[in-house]
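Protein chains in written order, with my numbering: chain A, 4 to 674; chain B, 2 to 341. We put the CB at the ideal spot given by N, CA and C, even for glycine. These figures come from a predicted structure and were not determined experimentally.
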């Protein structure tokens, strides 16, 4: 809300410099956004929160100033001389939709001279950035910016008859507005109509056909109160936002309607001449009576933490326009002013008192008691995940929760049902709540490839959204990563992560097939018997789909499974003081035998002396072993907790391992 | 040969070896001195060793001990000289191999945490020290938790479908209209619904509001909110906790001030500024939990009071790291990430 320094001075003496005024207003809730000089005036920009529509006019701001600086507030009397012709002889008003328009008032002035506004009026409007049109329109704008009550002037002779009808619009009704654009109306909108057609959209915009022009002579001045929600919906639907709709949306002072109408007529008579008909047409509901509010004295320190003298409280309440009805040792009871419809409860009064008394009076050094607090297990697991992955060279990415249909379709192994969709898209038409983090990470990978970044190792932890039968969709917290490394290395990173979470956890892989991945290089990950996620190398077609030049390996895991298997309270196991003994094994096996089988056989046969198995490599010697065979070379370490192992003992275990591998995997030892 | 004669001879050998080794001008001279004294075939030490046989049996241990001492001494002197000579040779730039300490070693590539995570962790850490525990809640919310319980009635403009990411209702019908939460206060409601006071929590995470992305706006961002509800909690406690927070975050004794503001779920509502480098900078919104909110979760506003505050994480992060366009934050350029 822009206010003019010179204009404010008409209602309250400003015996301070602008900087101090701005500071005080800021600290009282009208946040100063900036000030600019306009000719010999200042345009002061104040942020008015939505609960304070009373400050959407200069008088309201002046009232705040008068309270803050203990100055007298003078407001214009607004009592224009009236002629003897009753307004009821000239026109009629019918209100058909009291739910959309609470109250409608009209006054009639005949015989005006439309022309340019005087300099003082031009200056006022120019300071606050409102263009001048003619004296009549300028006066309605002026009074709106003075009181916060929007007004509209119709050319009475252009109305299609001596009757104003306030009704809801018809289904296919069209309307030509002042901006000379045609708008499609619907029955949720409140319109002002003459017997033939809509002449204004109530509270939003006037019509072109009845607007005041140089040839206008007789005027109908509208001052009304429209339903805030309806005005907001209408303005939004038609994308027609005006100072008028802005004020009606926030709620105007019901008792200010008539004052603004009189004030407007007073200025028109002064500046454009003419004759005001006697009385006004006033239809709609009675102004609701304000309920009184009880403030218990003990509630002020209870909420604010400071004592404020009852006399000070009563003075502030009175200056704010509250009428005190009773006061005693326990409480004070007041009726709030009509322009402060935000004041309905005790807490509202407490806030007002604190605001005017000053928040700077509240101390900032009370002793807030200590309580225990600790990190949750999920937080600790997440911390381990981040620590291991950053140590392994992965950077943390953060991507949007909502993705495009193309991305959504590319990978969705967790659920088959269609994704949730937002009514309005978030970015670039993306409106689907993701089922996986991987498409977004591939998008981030592409961004980095485009930038020619040589190493692209990214991970993200975030939620995916799975529609379900519960009262809310299921949100699963995921860990996903994209790497330039091959399957096996990424697998190694994940095994290290699992070891960091729980060294005793067991990882198992199961073959699977997913669209995005190379068929033979994609597996399900199972941890301690739970399906935890997927790892795979992206196929050529997958790469193409995401416009990636280089291959990438992806993994996605449920953090819930990681949390479940994590061992966060480790127990000490005594370490053997005796030396280890190592042996190498080199087995020839069929191509279809997997390392996991060899390892399992080795582990079973090597217990309890086997301490460690280390895979070295797999290679093939077609000449010696023939086709369909491969060699697996690995090392084992033995150690005892109670003695130094002898070579004979070790060789015996090694022999046992060889035998078991031969029996269970058909392995032949390479001598 | 007597012991005394033998020892004399050893001493002489030792001092003459020391002298010659020290005087050797270069590696060649050093080598010839080495051969002369400790050469394995015909070195003088070897010759002296042969004399040991001629010593009386009873004197032999003493003679042998001294012989070994001298041998070690000469050997050490030789090695010291050799090292020095070699150092001189390489330092002298005479064409030998030179060690270059500026050659880079293999550098492990460490990943970097996202700056938003780093900001969140710092804020969480500070609030944890002040006794606030983390509470979590869904990102997809119903209207009760996102609006109604937070004192945002249906007529409130904040509920406009164009200002929120409401979900389309598909085959699955939920009890209420769902939307992506527009604030993390929803978590406060969920916690209060399920816990009796006292409550001292922070909630944080992604929130969503339709906004065209620009340097200071994104349709998705992060918030952190604190809530403390108990008997006898006052606005002075709010100010004190925020001052402790600001002082911890900025690492100095910082003052805070309140400016009146308006939020539906707190009353009084304030904007919080902190004093930094002689300027007031905006920190976030705060206030006393509105009695209507306390009632909505089944608390008695005459029994308990509470305060709440909220901060936008992107803004804090951008300010701390000098990021002037917050769209960079979600671009995930590895070079961007590696700055933090």
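Quiz item: Are the region 293-303 of chain A and the region 339-356 of chain A in contact at 8 Å, needing three or more beta carbon pairs?
Solution: yes
Quiz item: Roughly how many angstroms separate the alpha carbons of residue 624 of chain A and residue 632 of chain A, rounded to a whole number?
Solution: In the first chain, the residue the question calls residue 624 of chain A occupies position 621. In the first chain, the residue the question calls residue 632 of chain A occupies position 629. Each residue's alpha carbon lies about 8 Å from the other.
Exercise. Name the residue from A:193, A:135 and A:525 whose alpha carbon lies nearest to the alpha carbon of residue 237 of chain A.
Key: Position 234 of the first chain, counted from the start, is the residue given in the question as residue 237 of chain A. Ranking A:193, A:135 and A:525 by Cα distance to residue 237 of chain A puts A:193 first.
Exercise. Using a cut-off of 7 Å between C-beta atoms, extract the partners of residue 257 of chain B located in chain A.
Key: Locating residue 257 of chain B in the second chain gives position 256, counting from the first residue. Near residue 257 of chain B (Cβ distances below 7 Å), the residues of chain A are 367.
Quiz item: For the region 329-341 of chain B, which residues have a CB atom closer than 9 Å to at least one CB atom of chain A, in sequence order?
Solution: 330, 331, 332, 333, 334, 335, 336, 338 and 339
Quiz prompt | Within 9 Å, strictly: CB atoms of residue 198 of chain B and residue 338 of chain B | solution = Residue numbering aside, residue 198 of chain B sits at position 197 when the second chain is read from its first letter. Residue numbering aside, residue 338 of chain B sits at position 337 when the second chain is read from its first letter. Contact flag unset, no.
Self-check item: Whole-number beta carbon distance between residue 420 of chain A and residue 439 of chain A, since they are thought to touch under 8 Å
Solution: Working through the first chain from its first residue, we reach residue 439 of chain A at position 436. Working through the first chain from its first residue, we reach residue 420 of chain A at position 417. About 14 Å; that fails the 8 Å criterion.
Exercise. Using only alpha-carbon positions, find the residue among A:518, A:297 and A:548 that is nearest to residue 537 of chain A.
Key: Reading the first chain from its first residue, position 534 is the one you call residue 537 of chain A. Comparing Cα positions, the closest option is A:518.
Quiz item: Beta-carbon of residue 176 of chain B versus every beta-carbon of chain A: anything under 9 Å?
Solution: As a working mapping, residue 176 of chain B is identified with position 175 in the second chain. It does; some Cβ of chain A falls within 9 Å.
Quiz prompt | 9 Å Cβ cutoff, residue 231 of chain A in contact with chain B | solution = Locating residue 231 of chain A in the first chain gives position 228, where the first residue counts as 1. Closer than 9 Å to the CB of residue 231 of chain A there is at least one CB belonging to chain B.
Quiz item: To the nearest angstrom, how far is it from the Cα of residue 374 of chain A to the Cα of residue 268 of chain B?
Solution: As a first step, residue 374 of chain A must be located in the first chain, where it is residue number 371. As a first step, residue 268 of chain B must be located in the second chain, where it is residue number 267. Here the alpha carbons of residue 268 of chain B and residue 374 of chain A stand approximately 25 Å from one another.
Self-check item: Proximal residues, the region 315-335 of chain A versus chain B, C-beta separation under 7 Å
Solution: Those residues of the region 315-335 of chain A that come within reach of chain B (Cβ to Cβ, closer than 7 Å) do not exist; the list is empty.
Practice problem: Report the residue from B:261, B:179 and B:334 whose alpha carbon sits nearest the alpha carbon of residue 455 of chain A. | Solution: Along the first chain, one-based indexing puts residue 455 of chain A at 452. Nearest of B:261, B:179 and B:334 to residue 455 of chain A, Cα basis: B:334.
Quiz item: residue 132 of chain A: buried (16+ other C-beta within 10 angstroms of its C-beta) or exposed?
Solution: Within the first chain, the letter at position 129 stands for residue 132 of chain A. Residue 132 of chain A sits exposed, since fewer than 16 C-beta atoms from the chains shown fall within 10 Å of its C-beta.
Self-check item: C-alpha gap between residue 265 of chain B and residue 152 of chain B, whole angstroms
Solution: One-based indexing of the second chain puts residue 265 of chain B at position 264. One-based indexing of the second chain puts residue 152 of chain B at position 151. Taking the straight line from one Cα to the other gives about 6 Å.
Quiz prompt | Cβ pair residue 187 of chain A, residue 177 of chain A closer than 9 Å | solution = Locating residue 187 of chain A in the first chain gives position 184, where the first residue counts as 1. Locating residue 177 of chain A in the first chain gives position 174, where the first residue counts as 1. Against a cut-off of 9 Å, the Cβ pair of residue 177 of chain A and residue 187 of chain A comes out as a contact.
Self-check item: Inter-residue spacing [alpha-carbon to alpha-carbon] between residue 473 of chain A and residue 168 of chain B
Solution: Taking the first residue of the first chain as 1, we reach residue 473 of chain A at position 470. Taking the first residue of the second chain as 1, we reach residue 168 of chain B at position 167. The alpha-carbon atoms of residue 473 of chain A and residue 168 of chain B are separated by roughly 16 Å.
Quiz item: If you run the structure through DSSP and keep just helix, strand and coil, what is residue 515 of chain A?
Solution: For the purposes of this step, residue 515 of chain A is identified with residue 512 of the first chain, where counting begins at 1. In the structure shown, residue 515 of chain A sits in coil (DSSP, three-state: anything other than H, G, I, E or B).
Quiz item: Unbroken beta strand (DSSP E) runs of length 3 or more, entirely within the region 217-242 of chain B: which are they?
Solution: 221-231
Exercise. Under 8 Å Cβ to Cβ from residue 497 of chain A, same chain only, skipping five residues before and after it: list those, please.
Key: One-based indexing of the first chain puts residue 497 of chain A at position 494. So the list reads 510, 528, 538, 558 and 560, once near-sequence residues are dropped.
Practice problem: Report all residues from its chain with a CB closer than 6 Å to the CB of residue 156 of chain A; omit the five preceding and five following residues, and keep chain order. | Solution: Translated into positions along the first chain, residue 156 of chain A becomes position 153. The answer, listed in chain order, is 139, 143, 215, 222 and 224.
Quiz prompt | Rounded separation between residue 256 of chain B and residue 320 of chain B - CA only | solution = Here residue 256 of chain B is taken as the residue at index 255 of the second chain, counted from 1. Here residue 320 of chain B is taken as the residue at index 319 of the second chain, counted from 1. Looking at the two C-alpha atoms, the distance is approximately 19 Å.
Quiz prompt | Same chain, Cβ closer than 8 Å to residue 23 of chain B, neighbours up to 5 away in sequence not counted | solution = Along the second chain, one-based indexing puts residue 23 of chain B at 22. The residues are 78 and 82.
Quiz item: If you count every other CB in all the chains shown that lies within 10 Å of the CB of residue 61 of chain A, and 16 or more means buried, which is it?
Solution: Against the first chain, residue 61 of chain A aligns to sequence position 58. Residue 61 of chain A should be labelled buried.
Practice problem: Answer yes or no: does any C-beta atom of chain B fall closer than 9 Å to that of residue 283 of chain A? | Solution: Stepping through the first chain from its first residue, residue 283 of chain A is reached at position 280. No, residue 283 of chain A does not count as interfacial toward chain B.
Quiz prompt | Beta-carbon contacts of residue 270 of chain B that lie in its chain and below 6 Å, excluding the five residues immediately before and after | solution = Locating residue 270 of chain B in the second chain gives position 269, counting from the first residue. So the list reads 262, 263, 264 and 288, once near-sequence residues are dropped.
Quiz prompt | Contact list for residue 235 of chain B against chain A, beta-carbon separation under 9 Å | solution = For the purposes of this step, residue 235 of chain B is taken as the residue at position 234 of the second chain. Within chain A, the residues near residue 235 of chain B are 304, 305, 306, 307, 308, 309, 365 and 369.
Exercise. Mark residue 180 of chain A as exposed unless 16 or more other C-beta atoms lie within 10 angstroms of its C-beta, in which case mark it buried.
Key: Numbered from 1 along the first chain, position 177 holds the residue referred to as residue 180 of chain A. By the 10 Å Cβ count, residue 180 of chain A comes out buried.
Quiz item: Are the region 270-284 of chain A and the region 315-327 of chain A touching by the rule of at least three beta carbon pairs closer than 8 Å?
Solution: no
Self-check item: Strand pairing of residue 327 of chain B, partner residues [DSSP]
Solution: On the second chain, position 326 is the one that residue 327 of chain B refers to. Residue 327 of chain B pairs with nothing; no bridge assigned.
Exercise. Out of A:363, A:259 and A:401, state which residue places its alpha-carbon closest to the alpha-carbon of residue 341 of chain A.
Key: Here residue 341 of chain A refers to the residue found at position 338 of the first chain. Checked all of A:363, A:259 and A:401; the closest Cα to residue 341 of chain A is A:259.
Practice problem: Please confirm if residue 103 of chain B has its CB atom under 9 Å from at least one CB of chain A. | Solution: Position 102 of the second chain holds residue 103 of chain B. So, not an interface residue.
Quiz prompt | Proximity below 9 Å, CB of residue 149 of chain B to CB of residue 178 of chain B | solution = Here residue 149 of chain B corresponds to residue number 148 of the second chain, with the count starting at 1. Here residue 178 of chain B corresponds to residue number 177 of the second chain, with the count starting at 1. No. Outside cutoff.
Practice problem: Could you name the residues of the same chain whose beta carbon sits closer than 7 Å to that of residue 408 of chain A, not counting the 5 residues immediately before and after it, in chain order? | Solution: Indexing the first chain from 1 puts residue 408 of chain A at position 405. Only 435 meet the Cβ criterion.
Quiz item: In terms of alpha-carbon separation, which member of B:340, B:231 and B:12 lies closest to residue 305 of chain B?
Solution: By one-based count along the second chain, residue 305 of chain B stands at place 304. Taking only the C-alpha atoms, the option nearest residue 305 of chain B is B:231.
Quiz item: If we cut at 9 Å on Cβ distances, does residue 163 of chain B have a partner in chain A?
Solution: For this step, residue 163 of chain B is matched to residue 162 along the second chain. Chain A, which has a Cβ nearer than 9 Å to the Cβ of residue 163 of chain B, makes this yes.
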